[in-house]
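The listed protein sequences derive, respectively, from chains V and S.
So for the first sequence, my numbering puts the first residue at 1; every next one is plus one.
So for the second sequence, my numbering puts the first residue at 325; every next one is plus one.
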Amino acid sequence: MTEGIQNALNSAGPQADSIAGLWWLMFVVCSIVFVLVMIALLLAVKNRTRESQFAATPILEPPPEQERRRRNVVVTCVVLTAIILFVFAIASFTTGRSMSADMPSKNGLTIDVTGFQWWWEIRYQDVDASNIFTTANEIHIPVGVPVTLNLRANDVIHSFWVPNLAGKKDLIPGKSNTLWLQANKPGVYRGQCAEYCGMQHAHMAFWVVAESQEQFNAWRQNQTQTSVTPTTDSQKRGQQVFLSSTCVMCHKINGTPAASNVGPNLTHVASRNTIAAATLSNTRDHLYQWVKDSQSVKPGNRMPQHNLAEADFQALLDYLQSLK
Amino acid sequence: MLKKFLLCAFLCLFVASCTREKRTFSQPPANFKSYDVTMSAIRPGSAGVQQPVQMPSEEHAYDTNEGKRLFTQYNCAGCHANGGGGMGPPLMDDQWIYGSNSENIYATIVEGRPNGMPSFRQKIPDNQVQQIAAYVRSMSGQLRKDVEPTRNDTMNARRSEQRTERKTPQQTTAPPYD
């Protein structure tokens with residue numbers, strides 16, 4: 001029950017801890033109440049059968065002693081219910097307040113997350129401009145560091161949800177929402193859009209990789225570099241294919257003339273574990289399928305089909321796979 | 325009772341007779357039909373009567389709306405604004421420099437035009453060019469009302485294409501601006 005990469009009960013941070021705590025409190029108390037109610041119901045059914053053997057007609061005026069006892073039971077149960085609901089209300093309210101409170105530390109990381117139909121743009125902010133970079137569908141965070149997420153949307157309302165780390169928060173066009181989270185143990189956690197946003201809403205996922213500070217620094221160091229210069233002939237041809245075909249109309253590769261911001265930034269596309277918003281693992285076959293006919297994988301998505309020569313496809317894949 | 329039943333049955337049949345507009349996401353690349361683009365309008369002999377080509381995208385509300393999205397995404401709006409024009413000529417008026425037919429607009433996008441319109445050959449897939457061409461025609465109300473985009477996604481001073489009245493295309497030789 002405490003396993004899983006997308007499981008609110010497998011909490012890996014303070015935000016998810018408080019949600020899991022609230023959930024367990026409600027689950028345990030409600031379970032006890034349910035069991036007690038069921039027992040009372042069974043007893044009532046059982047007693048009713050026994051009484052009906054003696055009384056041919058229903059008793060309209062029960063004895064005062066029995067009446068008083070029954071009234072006491074009802075009053076006790078109503079008071080108990082009110083107390084339990086009041087405790088729940090207080091617990092829920094305080095949990096909500098503690099989660100929407102300001103970040104505990106200002107020395108954390110700031111990441112802009114922008115929702116698109118149907119993928120996530122991830123932009124790491126930094127006081128040092130050379131550390132600002134953009135990636136997609138994969139968030140790396142160092143363990144034990146509070147992370148502030150500025151949530152925006154480009155087209156429609158989306159919702160950012162990593163159950164293992166925090167609750168949901170909507171990404172709303174024209175508005176910036178803030179969510180903070182922290183991972184206390186390293187791991188890979190899956191996130192998912194939690195607000196229906198159109199045809200491929202179900203295929204709008206992302207990964208959060210919580211790793212040690214050293215690993216994170218190495219990752220960030222690589223991400224801030226411009227793209228790898230193609231070395232082999234095939235890669236060079238692939239770059240030419242990329243720059244002279246439809247790809248440049250939407251995608252950006254830092255260090256090349258491709259500089260459009262409509263689709264995901266592909267500067268380090270080969271370093272990601274998945275493509276198409278965590279729909280496919282990042283293998284050559286999947287990449288080929290995606291570039292050639294993405295509509296067969298995610299019908300209705302914004303990537304058009306491409307009608308390149310087979311050799312051009314292979315060269316393009318060689319180039320894309322070199323973009324570590 | 326029988327009347328109600330018959331009315332109900334009639335309504336069911338009536339509703340069932342509606343056709344749902346079909347969206348084709350997966351056109352096999354082999355079916356992509358490229359329209360032949362003539363490089364020059366100058367031809368020997370007398371000027372033939374041009375038969376307008378009806379592109380399939382002009383029959384679908386989905387396609388014209390996709391064209392509207394792509395118009396912004398491919399930054400057509402960078403020069404043509406939201407149809408009112410800027411660096412490029414306005415598209416929502418009745419003045420047409422290179423023709424108002426679908427194939428004229430298609431050719432304009434694919435080939436480019438003098439004085440700034442770049443060529444998008446190989447840069448925009450064929451079906452998307454058709455969608456954009458359909459949208460450009462809808463900007464001055466050239467399409468059927470039921471396929472024209474009905475609303476703007478953003479705050480826009482301009483009325484939606486569907487509410488734009490149809491303008492009769494006029495041929496013009498020079499841009500209407502200096």
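Cβ atoms here follow ideal geometry from the backbone N, Cα and C, with glycine treated the same way.
Computed from a predicted structure; not experimentally measured.
Short CB-CB distance (under 8 Å) between residue i and chain S
i	result
T246 of chain V	yes
V341 of chain V	For residue 341 of chain V there is no data in the structure shown, the boundaries of chain V being 1 and 324.
V374 of chain V	Past the boundaries of the shown model lies residue 374 of chain V; chain V is included only from 1 to 324, so the question cannot be answered.
G300 of chain V	yes
Q6 of chain V	no
Q295 of chain V	yes
P304 of chain V	yes
Sequence-distant residues of the same chain with beta carbon closer than 7 Å to residue i, five excluded per side
i	result
V269 of chain V	L320, L323
R347 of chain S	Y386
K392 of chain S	Y459, P473
W290 of chain V	I275, A276, L280, V297
S484 of chain S	P473, T474, R475, N476
S260 of chain V	V248, M249, C250, H251, K252
F206 of chain V	W120, N137, E138, I139, G191, A277, A278
Inter-residue CB distance, residue i and residue j (contact presumed, cutoff 8 Å)
i	j	result
Q486 of chain S	E472 of chain S	4 Å
N137 of chain V	W120 of chain V	5 Å
A210 of chain V	A12 of chain V	7 Å
P449 of chain S	Q305 of chain V	7 Å
Q6 of chain V	R220 of chain V	Not really, about 25 Å apart at Cβ, beyond 8 Å.
Between the CA atoms of residue j and residue i - distance to the nearest angstrom
i	j	result
D417 of chain S	K491 of chain S	7 Å
K168 of chain V	T81 of chain V	29 Å
V228 of chain V	I253 of chain V	10 Å
E489 of chain S	C400 of chain S	22 Å
M204 of chain V	L316 of chain V	25 Å
P299 of chain V	L43 of chain V	57 Å
L165 of chain V	K175 of chain V	23 Å
K185 of chain V	Q215 of chain V	14 Å
P352 of chain S	N451 of chain S	Because the pLDDT at P352 of chain S is just 47, under 50, the model does not fix this residue reliably, and the value given afterwards should be weighed accordingly. For P352 of chain S and N451 of chain S, the distance between alpha carbons rounds to 11 Å.
P14 of chain V	S341 of chain S	57 Å
N150 of chain V	S130 of chain V	20 Å
V79 of chain V	L36 of chain V	15 Å
G440 of chain S	Q225 of chain V	34 Å
R482 of chain S	I132 of chain V	37 Å
S294 of chain V	M303 of chain V	7 Å
S426 of chain S	G187 of chain V	55 Å
Beta-carbon contacts of residue i that lie in its chain and below 6 Å, excluding the five residues immediately before and after
i	result
I134 of chain V	Note that residue 134 of chain V corresponds to Thr in the displayed sequence, not to Ile. Closer than 6 Å at the Cβ level, and outside the excluded window around T134 of chain V, lie R123, N265.
N355 of chain S	Annotation note: pLDDT 40 at N355 of chain S (below 50); position unreliable, coordinate value reported separately. Excluding residues within five positions, none has a Cβ falling inside 6 Å.
Beta-carbon proximity list for residue i, same chain, < 8 Å, skipping 5 on both sides
i	result
T95 of chain V	S18, I19, G21, L22
P257 of chain V	L243, V248
Proximity test, Cβ basis, 8 Å: residue i and chain V
i	result
Q466 of chain S	no
K346 of chain S	no
P353 of chain S	In this prediction, P353 of chain S scores a pLDDT of 45, lower than 50, which makes its location untrustworthy; the coordinate-derived value is nonetheless stated afterwards. So, interface residue.
Q454 of chain S	no
F356 of chain S	Only weak support exists for where F356 of chain S lies, its pLDDT of 44 falling under 50; the coordinates are left without a value.
I433 of chain S	no
P442 of chain S	no
I421 of chain S	no
K447 of chain S	yes
F334 of chain S	no
F338 of chain S	no
Compile a chain-ordered list of the residues in the segment 221-250 of chain V whose CB is closer than 8 Å to at least one CB of chain S. Of all residues in the segment 221-250 of chain V, the ones placed with a Cβ closer than 8 Å to any Cβ belonging to chain S are S244, S245, T246, V248, M249, C250, in chain order.
What residues from the segment 391-403 of chain S come within 7 Å of chain V, judged by C-beta to C-beta, listed N to C? If the cut-off is 7 Å between Cβ atoms, the segment 391-403 of chain S has Q397, Y398 near chain V.
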